[in-house]
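Undergrad:
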Amino acid sequence: MPRRGSPRPHQREPALILRYLIALLAAAVGALIGAGVLAMVLAILFTAIWGAFEGSAAMGGVTVGLPLGGIIGFLVGGWLVLHFWRPEKAAG
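In my numbering, the protein residues as written are 1 to 92.
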């Protein structure tokens, strides 16, 4: 039988799946940004250390920086959302 009155407290809160979907989206964005930034930083750093002979040091920096930055960005982006973002409770 349907209950009259206000909904139960757990029914007023937004769905938990929304939080995890937003965390996944933030992790993907973090992976894209982290991969690009770390690839550029390592390319510049490796070129400064070993020289610019035919761009081999820069390619090494990109080869190392892309996957490493992607993994780090994915983890940091997801962690930031799950740790700090709390959905607002519905009024009622």
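Don't be surprised by glycine CBs; every beta carbon is placed ideally from N, CA and C.
Thinking Ala31 and Gly77 are a contact (beta carbons under 8 Å), I'd like their distance in whole angstroms, please.
TA: 7 Å
Undergrad: Could you spell out the range, first to last residue, of the alpha helix (DSSP H) harbouring Trp79?
TA: Ser56 to Phe84
Undergrad: Considering only the beta carbon of each residue, do Arg19 and Leu75 sit closer than 9 Å?
TA: No, the Cβ-Cβ distance between Arg19 and Leu75 is not below 9 Å.
Undergrad: Would you say Gly73 and Ala48 are within 9 Å of each other, going by their C-beta atoms?
TA: Pairing Gly73 with Ala48 gives a Cβ-Cβ distance that is not under 9 Å.
Undergrad: Could you check what DSSP says for Arg4 in three-state terms: helix, strand or coil?
TA: coil
Undergrad: Near Ala27, which residues of its chain fall below 7 Å by C-beta distance, leaving aside the five closest residues on each side in sequence?
TA: Phe74, Gly77 and Gly78
Undergrad: So, is Gly65 buried or exposed, given that buried needs 16 or more other C-beta atoms within 10 angstroms?
TA: Burial call: buried.
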